[in-house]
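**Student:**
Protein chains: 2
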Amino acid sequence: MGMNYEKINEWILAEDCFEPAWLGKCEAVMAQGNGYLGLRAAAEERYVGETRNLLINGTFNKFDADEVTELPNAADVTAIELWIDGQRFNLVEGSHEGYRRELNIKTGELIRTVHWTAPNGKKVKIIFQRIVSLKRLHDIGLKITVEAEGNPIKLKIRSGIDARVSNTGSQHFSEVEKRFYDKKYLQFVERTTQSKIDFVLNAVHSFEKNGKQVLLGTDVNIERRYLYADYNVELEAEETFVIEKLVNVQTTRDFDAAGLNTDELQKKSLEDLKALENIGYDDLMEESALEWQKEIWDNAPVMIKGDKESEFDLFALRYAQYQMRIFLPKHDNRMNIGAKGLSGEGYRGHCFWDTEIFLLPYYMFTDPDAARKLEEYRYLSLPGAHRKAKENGYKGAMFPWESAWLDDGETCPLYMDVDIVTGKPIKVWSGIIEQHISADVAFGAWQYGIITGDTDFMEKYGYELIMDTAIFWGSRLEPGDDGRYHINDVVGPDEYHEHVNDNAFTNYMAAWNLGKAIEYYEMLKNDKPELFACLNQKLNLDENYLIWKDSVERIFLPQPTEEGILPMDDRFMKGQYIDLTKYKQQDFVGGIMKDYNLDQIQNIQVCKQADCLVLFYLMEERFSPEVKRASWDYYVERTLHDSSLSLSTHSVQAADMGDDEMAYDLFRKAATIDLGPYMGTSNAGIHAASFGGVWQCVVYGFGGVRMLNGKLRINPRLPKNWDELTFTLYWKGEKLSVTVTKDKVDVQNQTGNRKVDLSVNGEELKV
Amino acid sequence: MGMNYEKINEWILAEDCFEPAWLGKCEAVMAQGNGYLGLRAAAEERYVGETRNLLINGTFNKFDADEVTELPNAADVTAIELWIDGQRFNLVEGSHEGYRRELNIKTGELIRTVHWTAPNGKKVKIIFQRIVSLKRLHDIGLKITVEAEGNPIKLKIRSGIDARVSNTGSQHFSEVEKRFYDKKYLQFVERTTQSKIDFVLNAVHSFEKNGKQVLLGTDVNIERRYLYADYNVELEAEETFVIEKLVNVQTTRDFDAAGLNTDELQKKSLEDLKALENIGYDDLMEESALEWQKEIWDNAPVMIKGDKESEFDLFALRYAQYQMRIFLPKHDNRMNIGAKGLSGEGYRGHCFWDTEIFLLPYYMFTDPDAARKLEEYRYLSLPGAHRKAKENGYKGAMFPWESAWLDDGETCPLYMDVDIVTGKPIKVWSGIIEQHISADVAFGAWQYGIITGDTDFMEKYGYELIMDTAIFWGSRLEPGDDGRYHINDVVGPDEYHEHVNDNAFTNYMAAWNLGKAIEYYEMLKNDKPELFACLNQKLNLDENYLIWKDSVERIFLPQPTEEGILPMDDRFMKGQYIDLTKYKQQDFVGGIMKDYNLDQIQNIQVCKQADCLVLFYLMEERFSPEVKRASWDYYVERTLHDSSLSLSTHSVQAADMGDDEMAYDLFRKAATIDLGPYMGTSNAGIHAASFGGVWQCVVYGFGGVRMLNGKLRINPRLPKNWDELTFTLYWKGEKLSVTVTKDKVDVQNQTGNRKVDLSVNGEELKV
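Sequence lines, in order, name chains A and B.
Under my numbering, residues 1 to 767 are what the first sequence spells out, in order.
Under my numbering, residues 1 to 767 are what the second sequence spells out, in order.
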């Protein structure tokens, strides 16, 4: 049952049976999008337990004073109900065969086919097709082909724009206008309640009978938050009827709606819809598929050759590319990537350190322009970071743990889940004390600058980001009785331990941030005096430089124990050791929270996710192989991977250490976070960062790619069932194609504008 | 299929088959309540198309500035999902037999029984019971009995408090608190967003296995707007497992929560829940059934004896009594009766003229205290009526067409449905120009005062209501060129004609209102000088008296044509005559709006509902039998009964005219507005006023009861298939029991405090 991986080919994610309990999973993993909008793959017909989501990136709204801003769920356009001789088509009633749902990641098309016998015995074959255009960011197409199988049928169709949806009950929209034009074009206008963004949705239907366009009488209806049309048609046996529904959605937040008022946007979007109507579903689909080809498959091709098993690996890698494109807001630097992409309401569309640490590498190496936009977003959201610092009594840029619209500041909710001891919701401390995010942002900007060689970015945004976060760290350090500076009362990447002191990841990253600011201060002062003067005035660099120097000298950096284990904080290693086997075997995450509350977990040696290991990975040369190995042995045993960010970090680390089987095993686990058989885990949306993780497992782990000291290194170690791995990398503007076999690494410079220095398996090359 | 009336007994409304397309109908007609709260009969398990409603009377909230206040849909407590060996119990999947759902209107209990075979072949028998206590207004009980039929089963139960519900997408609540106490008691606190009313909901579960109480491990969960517990148990073949869920809901608007803050209400309601837990489902149910017996069936017994057909008539009459109790806010004079009672979101919980014209008679004659509260509500909402008058440039009390919370003023929405010509929503003019409501309110107060003899009410509220509305009419009349006063630009009861002048109903009622104010002015001045002085000061009576005298003398009252037809306004009879057969035969209302828009209908001789006929009925002696007959013949042909208020008016009128078969036929139609076979018509809720209509058909129509010139008249005409009709009437504090047979009318004074004058078939009696 469920998704059948054996039948996966290079490009198709398919399910062969319909299981109502698994709706959420398939809605999420088969979601479509283009970075502007994300559309869950909820079926055209309704089911109990479904979640219909249409999310438009960046359109954050706050339901009430006690909630945080989130991406509001726009009116649904995908529900199309069909009645066959009065029986509502759905796969729970009647019987069906030949069911298959396929997401073609090469073209972006979602196709569902089924032969249905209604409870009254009538038979039909129905094919559903759906596309979110990668070329036309506002446009969605749906196509339904109904064939009367061996009997005449009376077909009733109900389709419209349905704004009765909400975000798990929170309604973010007021109705503005809903109407028909010419009994044909449906238009719905809704406005977010707090951020006052207008959404205009338009839809039009057209019909073909036996291949010829037909007009049907329209029964138009307007209800509260709902606008729809009913159509009726009769088919003789074997006749075929095609319904096309073309939809667009535009908002007053869009760059391409800048300056338009609601009325003007209504007019413009209606005209756009009429143009779309002329294109039709098939051409919309073709055009979008070409865009996929050009932008992804030709631009960043990957190939894995090997045994049967490796076919899934290739698919998983390409699927990661598919995902990383559908939630990427390439069109707008005012938005970023939510932890669930645009595939669900989980984490409310907020972005985390996931962007810099897990996703940015893929974009930097394959689509530098897109990567730059993600970092520009951080720069544009500095006002919120300044406010957060001020509110917490610090200086500089203290980035929000959860980030939404530019000036929203911290949007991490204060409570979640249930404390099994008190019966109350658990307080979430991350928004207040998970502070490494500021260093992560700086790290991302630095990485981007080095790998792309984009000095324009560094001069406009990058240096400032690194220095402004360093100012935060300068103000954040606390002098201890030992004469050292400490960072007390934080949450590190491992969120099972709160209010810890001197979290290794946090302290080392802060020290790195301070050091990098010092380095750039000195460089800019010498090499770019004008820019320096400008930044000096803005950030008071001369004074902060002294603070940085002092800080970096005296910051406390946890040191490995005698056994070579890096203590992740001042408390963890003193905690109680317990047997975690039970939780490691559970088919859901967070199971330990059903037995212990967070207060109790504080004193247990259990990690939600990698902590020190992320540090080893980001600062590969900072720690000795012995420390890495000893720490690995210690932490792996104590880690539940209750965060989707954990597995890929471990996989890359295992590859680095030469534990090939372990690396491959962890890669497979990382690759099946969403694609795997656990059917509840993706309900709230896919795990965006995990796709960056999959790419990192392959390219950083097996491909051995790393930026070290500003230089490209490639030390590949293929899994034993792979014969060949091919991928591409942009490096300082040059595009390299890398092919790795068991005994050879071939690097081609495809652009060839200038030579690239790199080290391959220890050998220095120019390509 | 559907509800099987042949199997109806005196007290049971039953359905024998489950049809997913008819969910809404059964949810509404089998709803339960107690006037404080109303609970739709949505099944414990979820279905596509269900509407789960828990409405607490009077708790109005406004979603945004463009919406009107409405009764918010409180968190759902009825959803209880069961899994049998992993298969979610629901009647769309697997197979079932022996399905039966019964609403016992005598006890108020809802019972559903089914034998279910899961898709995996496991068999269970499940009985669902549910009660809303008539005695304990805050309390709800659910009981589920699961029997493993011939096989062992693993049963999983999920039950909680689910605040993800909304009003058709509009969310009226913010979350305040959600938590468990002792892993056992669930508490959810939510607050309306604008009116800031706190709702506290508590729930507790208990379990019995084979008749013995058992404790189950609880898996507690808190999600956004959702608090729930999971339980698991294994049953051997033939074992029986009982789940009891006891729930209470209290709000800071409640009289019995006066002065409590949220925290105190949480404590109090939790203590109340613990007390309820000790009572248990069975006793809660017994106690409530006794209350039904005492309050309704002993207090206001009815009996119809006759042929087989008349059994339904008796049921329909009692069902009307059931309905008129479950939506009656007897406990609180700050609220009234919504057009859909508390059984759905339709008309947003607002009350209309329905209260005075259609429902008040039943309450006045059977429960005068409750009737008084309904009229006190109008008095308490005078501030809104004054504001509406002022906003429209008038004086006195201009009552809102749609009334919600006391100071909400007019709450009629501005737009609804779709104009089939323009494609836009239709502007609703009733809130602005359907003005007869002010006279209707005065009429209700007057009727109540006369029939109950409640002088305390009249002195405190009644006279003032009548005079304050008369002041409105005095300011409303417009002098015409003809030297008469006109009321131009109104909507009469027949809402298919807007912006008409001199609507007969409106003008006659206004004249009546003015006349009654004059009468009371003179009476009070002579008989109750202190009260007069007080009212005179408050309402400036002396000055208004002169206006009233002038008004009543010169107001234009439409006169019958030569043919004896009373023109309903200045335009209708000039309209185009069209064949309405098509619309009369449709199984839904409002069908004409699919062919004509309102602009077009203005010029067509078509009535949505009775207009002049309501006038004949309220002012029986004002018009000659010839005028009534001629007008009847004229209007009936042109009336679509597209309002549920229409049929009973016609039935009573037909009975008055001696058209016995017509009267009976219309009564049956009125009785099946909700109970009938049209499955979509009650989805948004039952038709509250129609139940008053049913009672009026029987008691006013066939019973021939009327208050005429302050005196009770009984002129019965039984339908030919009835042999005997018994009902009771309160008349000025005395309780009369009336038994009508074909040749005899027996009236007994059951209280016997003093003699009652009445006229029976023209004979004057003292009883």
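Glycine included, each C-beta is placed from N, C-alpha and C at the ideal position.
Pull up the distance between the alpha-carbon of Val614(B) and that of Asp633(B), whole angstroms please.
**Tutor:** One C-alpha to the other measures close to 15 Å.
**Student:** Check each candidate in Gly762(B), Phe727(B), Asn753(B), Leu718(B) and name the one with the smallest Cα separation from Lys742(B).
**Tutor:** The candidate whose alpha carbon is nearest that of Lys742(B) is Leu718(B).
**Student:** For Ser646(B), which residues in the same chain have their Cβ closer than 6 Å to its Cβ, ignoring the five residues on either side in sequence?
**Tutor:** Correct list, in chain order: Gln609, Ala610.
**Student:** Just to confirm, is the Cβ distance from Arg40(B) to Glu27(B) under 7 Å?
**Tutor:** Contact: yes.
**Student:** Relative to the C-alpha of Phe727(B), which residue among Leu382(B), Ile304(B), Tyr678(B), Glu10(B) is closest?
**Tutor:** Nearest C-alpha to Phe727(B): Ile304(B).
**Student:** Between the region 188-217 of chain A and chain B, which residues of the former have a C-beta closer than 8 Å to a C-beta of the latter?
**Tutor:** So the list reads Thr193, given in the order they occur along the chain.
**Student:** Span of the alpha helix (DSSP H) holding Trp835(A)?
**Tutor:** An answer regarding residue 835(A) cannot be provided, because it is not within the stretch 1 to 767 covered by chain A.
**Student:** So, does the CB of Glu93(B) fall closer than 7 Å to a CB anywhere in chain A?
**Tutor:** Judged by the 7 Å Cβ criterion, Glu93(B) is in contact with chain A.
**Student:** Is there a Cβ of chain B sitting closer than 7 Å to that of Gly121(A), yes or no?
**Tutor:** Not an interface residue.
**Student:** What is the DSSP secondary structure of Gly2(B), reduced to helix, strand or coil?
**Tutor:** A caution first: Gly2(B) carries a pLDDT of 49, below 50, which makes its placement in the model unreliable, though a value can still be read off. Here Gly2(B) sits in coil by DSSP.
**Student:** Is the CB-CB distance between Phe457(A) and Arg372(A) below 7 Å?
**Tutor:** Going by C-beta atoms, Phe457(A) is nearer than 7 Å to Arg372(A).
**Student:** If you drop the 5 nearest sequence neighbours on each side, which residues of the same chain put their C-beta closer than 6 Å to that of His499(B)?
**Tutor:** Cβ within range, chain order: Asp489.
**Student:** Looking at the structure shown, is Cys607(B) part of a helix, part of a strand, or coil, going by DSSP?
**Tutor:** Of the three classes helix, strand and coil, the one that applies to Cys607(B) here is strand, per DSSP.
**Student:** Would you say Gly108(A) reaches chain B, if we count a Cβ-Cβ gap shorter than 7 Å as a contact?
**Tutor:** Not closer than 7 Å to any Cβ of chain B, the Cβ of Gly108(A) fails to qualify, so no.
**Student:** Would you check if there are 3 or more beta carbon pairs closer than 8 Å linking the region 224-231 of chain B to the region 245-261 of chain B?
**Tutor:** Output reads no: the region 245-261 of chain B does not touch the region 224-231 of chain B.
**Student:** Of all the residues that make up the region 220-253 of chain A, which are near chain B by a beta-carbon distance shorter than 7 Å?
**Tutor:** Going along the region 220-253 of chain A in chain order, one finds Val220, Asn221, Ile222, Arg224, Arg225 with a Cβ nearer than 7 Å to chain B.
**Student:** Establish whether the CB of Gly2(A) and some CB of chain B are separated by less than 7 Å.
**Tutor:** Any reading at Gly2(A) is ruled out, since the residue's pLDDT is 49, under 50, leaving its predicted position unreliable.
**Student:** Count the other CB atoms within 10 Å of the CB of Asp182(A); is the residue buried (16 or more) or exposed (fewer)?
**Tutor:** Exposed.
**Student:** Tell me which residues share the same chain as Ser648(A) and place their Cβ nearer than 6 Å to its Cβ, disregarding the 5 neighbours each side in the sequence.
**Tutor:** Same-chain partners within the cutoff: Ala670, Gly693, Gln696, Cys697.
**Student:** Within 7 Å of any Cβ in chain A, is that where the Cβ of Asp417(B) sits?
**Tutor:** Yes, its Cβ sits closer than 7 Å to a Cβ of chain A.
**Student:** Spell out whether any CB of chain B is found under 7 Å from the CB atom of Arg46(A).
**Tutor:** Closer than 7 Å: yes.
**Student:** Using a Cβ cut-off of 8 Å, pull out every chain A residue sitting near Phe727(B), in sequence order please.
**Tutor:** The contacting residues do not exist; Phe727(B) stays about 40 Å from chain A at best.
**Student:** Along chain B, which residues have their Cβ under 7 Å away from the Cβ of Ser170(A)?
**Tutor:** Under the 7 Å cutoff, chain B gives Gln171.
**Student:** Can you list the beta strand (DSSP E) stretches of 3 or more residues lying completely in the region 43-68 of chain A, in chain order?
**Tutor:** Runs of the beta strand (DSSP E) inside the region 43-68 of chain A: 54-56.
**Student:** Would you kindly check if the distance between the Cβ of Tyr394(B) and the Cβ of Ser475(B) is under 7 Å?
**Tutor:** Going by C-beta atoms, Ser475(B) is nearer than 7 Å to Tyr394(B).
**Student:** With respect to the beta strand (DSSP E) encompassing Arg101(B), which residues constitute its N-terminal and C-terminal limits?
**Tutor:** Element bounds for Arg101(B): 95-104.
**Student:** Taking the straight line between their C-alpha atoms, what separation do you get for Leu273(A) and Asp139(A)?
**Tutor:** Leu273(A) and Asp139(A): Cα-Cα distance of roughly 8 Å.
**Student:** Does Thr69(A) pass the burial test, meaning 16 or more other C-beta atoms within 10 Å, or should it be called exposed?
**Tutor:** It counts as buried.
**Student:** With DSSP as the reference, label Ser759(A) as helix, strand or coil.
**Tutor:** Strand at Ser759(A).
**Student:** DSSP three-state label for Asp659(B), please.
**Tutor:** If DSSP states are grouped into helix, strand and coil, Asp659(B) belongs with coil.
**Student:** Name, please, each residue of chain B whose Cβ falls closer than 8 Å to the Cβ of Tyr181(A).
**Tutor:** In chain order: Gly423.
**Student:** Any idea what DSSP makes of Ile466(A), helix, strand or coil?
**Tutor:** The answer is helix: DSSP assigns Ile466(A) an H, G or I state.
**Student:** By the criterion of Cβ-Cβ separation under 7 Å, what are the contact partners of Ala163(B) in chain A?
**Tutor:** Chain A residues near Ala163(B): Gly169.
**Student:** By Cβ distance, which residues of its chain are closer than 6 Å to Val302(B), with the 5 residues on each side in sequence left out?
**Tutor:** Cβ neighbours of Val302(B) beyond the five flanking positions: Leu317, Phe727.
**Student:** What in chain B is Cβ-close to Ser166(A), meaning under 7 Å?
**Tutor:** Here the neighbours are Ser166, Gly169, Gln171.
**Student:** Using the Cα positions of Leu235(A) and Thr145(A), report the straight-line distance between them to the nearest angstrom.
**Tutor:** One C-alpha to the other measures close to 12 Å.
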